[in-house]
Amino acid sequence: MNNNLSENKLQDEFKKRVFQDERMPETNFRRVAMGQSEFDDIDMHKTNFINVNMAGTKFDNIYMSSTTFNDINMHLVKFNEVGLWEIEVSNSELGEAYFHDIHLYGKGNMFERCQLNGTSFVACDLSNVDIRECNLSGFTVNGISLEALLESYNKNK
Numbered sequence: 002m003n004n005n006l007s008e009n010k011l012q013d014e015f016k017k018r019v020f021q022d023e024r025m026p027e028t029n030f031r032r033v034a035m036g037q038s039e040f041d042d043i044d045m046h047k048t049n050f051i052n053v054n055m056a057g058t059k060f061d062n063i064y065m066s067s068t069t070f071n072d073i074n075m076h077l078v079k080f081n082e083v084g085l086w087e088i089e090v091s092n093s094e095l096g097e098a099y100f101h102d103i104h105l106y107g108k109g110n111m112f113e114r115c116q117l118n119g120t121s122f123v124a125c126d127l128s129n130v131d132i133r134e135c136n137l138s139g140f141t142v143n144g145i146s147l148e149a150l151l152e153s154y155n156k157n158k
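Each residue of the sequence shown is one higher than the one before, counting from 2 in this note's numbering.
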C-alpha cells in the first residue's frame, strides 16, 4: 500500500473521505503524493508529514500546532488562517509557499535546511520563528524583501 500511495497521486474520492474528517490529530503521512489537496477547518494537531509531495496544497483555517514537516515538497503551498506554533520544518522545499494570517503562540517554530526562496508571509506573527541554514532569496514579509528588511534594520541599529 505504501508503494502504491508513494507512486500514485491520491484519488479525489479518497481525499474527500479522509481529508474532510475534522479530527486528524496525531496523524502520520509518510511517502504520499498529496499535491493539490485542500484541507479546510480541520484539527491536525501533532501531525507528522515525512517525505510527502504536497505541492500546490491549500490549508485554510487549520489547527496545526506541534506538527512536523520533514523532507517535504511544499512548492506553492498556501497556508491561510492556520494555527502554526511549535512546528518544525526541515529538509523541505517551500519555494513560493504563501503564509497568510498565521498566529504563533507557545514555543518557537523552526525552519531548518529549507528552500524558502520566493516564500511570502503576509500578516503573520514571526516573532518566535527560528530559521537556520535556509535559502532565503526572494523571501518576503508583508511584500517587503528580506534584504530590504535587513538593510532597514542595520541602518536603525
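We put the CB at the ideal spot given by N, CA and C, even for glycine. Since this is a predicted model, take the numbers as computed values, not measurements.
- Sequence-distant Cβ neighbours of Ala98 in its own chain, meaning closer than 6 Å and more than five residues away, are Met75, Val78, Thr120.
- By the neighbour-count definition (other C-beta atoms within 10 Å, threshold 16), Ala149 is an exposed residue.
- With a 10 Å radius around the Cβ and a threshold of 16 neighbouring Cβ atoms, Ile145 comes out exposed.
- Here Ala34 carries a strand assignment [DSSP, helix/strand/coil].
- When DSSP assignments are scanned along the region 46–116, the uninterrupted stretches of beta strand (DSSP E) that are 3 or more residues long and fall wholly within it turn out to be 49–51, 59–61, 69–71, 79–81, 89–91, 99–101, 110–113.
- With at least 16 other beta carbons inside 10 angstroms of its own, Asn110 counts as buried.
- In this structure Leu151 is exposed. Its beta-carbon is surrounded by fewer than 16 other beta-carbon atoms within 10 angstroms.
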